[in-house]
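Visitor: Each number in the working numbering comes from the position in the sequence shown (counting from 1) with 6 added on.
Yeah, the Cβ is synthetic: ideal placement off N, Cα and C, and Gly gets one too.
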Amino acid sequence: MINKIKQQFIDLMAVGECISYGSACPSLIIPSLHEKGVLPLTGSAMCLLDLINKNLKITPRLLMSRYCVWIGELAKNKEALLERIDESLIRSVHFFLTNNTTFGLSPVSELAIDSSSLVRLAPLAFYLARYEEMFSKNPPFMYHLIHELSALTVGHRRASVAVGIYLIIARDLIIARVAKNKYLTPTQTKQVARLAINKALIYYNSTYEYRGETGHYALLQFNKFQQMHLETVTIKELGKTKYAVDTLLLSLCIFFRYPHFSGALRQLEVIKLPDVGALTASLYAIAYGAELNITYKKRFEQMLGS
7 MINKIKQQFI
17 DLMAVGECIS
27 YGSACPSLII
37 PSLHEKGVLP
47 LTGSAMCLLD
57 LINKNLKITP
67 RLLMSRYCVW
77 IGELAKNKEA
87 LLERIDESLI
97 RSVHFFLTNN
107 TTFGLSPVSE
117 LAIDSSSLVR
127 LAPLAFYLAR
137 YEEMFSKNPP
147 FMYHLIHELS
157 ALTVGHRRAS
167 VAVGIYLIIA
177 RDLIIARVAK
187 NKYLTPTQTK
197 QVARLAINKA
207 LIYYNSTYEY
217 RGETGHYALL
227 QFNKFQQMHL
237 ETVTIKELGK
247 TKYAVDTLLL
257 SLCIFFRYPH
267 FSGALRQLEV
277 IKLPDVGALT
287 ASLYAIAYGA
297 ELNITYKKRF
307 EQMLGS
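(1) Under three-state DSSP, which class holds S38?
(2) What separation, rounded to the nearest whole angstrom, lies between the Cα atoms of Y73 and F231?
(3) Quick check: the region 235-244 against the region 252-261, are at least 3 beta-carbon pairs closer than 8 Å?
(4) When you compare the CB positions of V44 and L80, do they come within less than 8 Å of one another, or not?
(5) For D92, which three-state DSSP category applies?
(6) Per DSSP, which one or two residues make a beta bridge with M7?
(7) Which stretch, first to last residue, makes up the alpha helix (DSSP H) that contains S121?
(8) Measuring alpha carbon to alpha carbon, tell me which residue in Q14, A182, E138 and H222 is nearest S166.
(9) Can you give me the C-alpha to C-alpha distance between K186 and T193, rounded to a whole angstrom?
(10) Using CA atoms only, rank isn't needed, just tell me which of Y172, V239, T240 and K196 is closest to L207.
(11) How far does the alpha helix (DSSP H) with M140 in it extend, from its first residue to its last?
(12) Between A51 and P129, is the Cβ-Cβ spacing less than 8 Å?
(13) Count the C-beta pairs between the region 282-293 and the region 12-23 that are closer than 8 Å, then say yes if the count reaches three, no if not.
(14) Measure from the alpha carbon of I96 to the alpha carbon of each residue in L158, T240, I203 and Y264, then state which is nearest.
(15) Please classify R42 as buried or exposed, where buried requires at least 16 neighbouring CB atoms within 10 angstroms.
(16) Who does F228 pair with in a DSSP beta bridge?
(17) Thinking C-beta only, is S94 closer than 8 Å to D120?
(18) To the nearest angstrom, how far is the alpha carbon of T191 from that of I64?
(19) Looking at L279 and L255, is the spacing between their C-beta atoms short of 8 Å?
(20) Whose CA, out of N83, I11, S123 and K10, lies closest to the CA of A250?
(21) Is it true that the CB of V198 sits closer than 8 Å to the CB of I8?
(22) For I35, count neighbouring Cβ atoms within 10 angstroms of its own Cβ and tell me buried if that reaches 16, exposed if not.
(23) Residues in the same chain with beta-carbon distance under 7 Å from S38, minus the five sequence neighbours each way, listed in chain order, please.
(24) Within its chain, find whatever has a CB closer than 8 Å to the CB of N211; leave out the 5 residues flanking it on each side and keep chain order.
(25) Alpha carbon to alpha carbon, what distance is there between K196 and K12?
(26) Give the straight-line distance between the Cα atoms of H100 and N229, rounded to the nearest whole angstrom.
(27) Any idea which residues DSSP pairs Y249 with across the strands?
(28) What is the residue span of the alpha helix (DSSP H) that N211 lies within?
(29) What is the DSSP secondary structure of A187, counted as helix, strand or coil?
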């Protein structure tokens, strides 16, 4: 079951990323979904998933080394979209190769709180799900690992909060789907996601390091009807930038609003933000999986045909 979810996860992430590029996407890559590794976002996420599949202990140094190998492979591939790889990753890889250390890789900057680490670290949800019992006994260790990996390219804690919230949602959806041994319903999905968001915010609010950042995620707080404020706003009201907070909120808003991936695809086509596309699609893959295969393939073929 877990291997099936991983495959759906990467396939839909590639679709979400490519449909966000629109006509700029190389049409030879996605109809077969065979060359996902050349995509800037999905390919970088596959680096982490590859390490997880090998049952390795995930560390910042190991992951950084894998990014270096991946970028080296991309440089030899004519289909690769090298110009679309975010500058923060290129800069971090250069620093790592020059200094042979991950310490001080991405200095904290209020001007650099982008979403580049969100998609790259999305597969970590499978790692957290596998060792859920261990991490549940030591939440600070888990959230510290998330921050260390996020800080490889984005040093600000606000970005790592976005990554942490996404990962707890994705992890709990994986656990729920494996436990039920079937796809989740929209109602079950919302219940799991709401509890996961609440769990993550409770931790972040309880710590000195992160407490000052949670105010930026006020839309994820609950009203008196136990409904998130995010569920009461429209997609048009949300920011559409590469800012980590905007990317997470926009992805969750689409995920909560549309129970079918076909509806989400129409929004992603209009928004045209690859980070949002890849992140949103990954959530649909985990919760709803292969039931969407026919739908997304047909929709994507229509988009390419037009």
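Guide: Here's the rundown:
(1) With a pLDDT of only 48 at S38, under 50, the local geometry of the prediction cannot be trusted, and the value read off the model is given with reservation. Correct three-state label for S38: coil.
(2) 44 Å
(3) yes
(4) yes
(5) coil
(6) Answer is none; M7 lacks a bridge partner.
(7) Here S121 belongs to no alpha helix (DSSP H), and DSSP marks it neither H nor E.
(8) H222
(9) 14 Å
(10) Y172
(11) E138 to S142
(12) yes
(13) yes
(14) L158
(15) Reading off the sequence shown, one finds Lys at residue 42, where the question assumed Arg. Answer is buried; the Cβ neighbour count reaches 16.
(16) M234
(17) yes
(18) 32 Å
(19) no
(20) S123
(21) no
(22) The predicted position of I35 is uncertain, since its pLDDT is 44 and thus under 50; a value taken from the coordinates is nonetheless stated next. With 16 or more Cβ atoms within 10 Å of its Cβ, I35 is classed as buried.
(23) Here the model assigns S38 a pLDDT of 48, short of 50, so the residue's position is not dependable and the matter cannot be decided.
(24) R217 and T220
(25) 21 Å
(26) 46 Å
(27) D120
(28) P192 to N211
(29) Sequence inspection shows Asn at residue 187; the Ala mentioned does not correspond to that position. Residue state, collapsed to three classes: coil.
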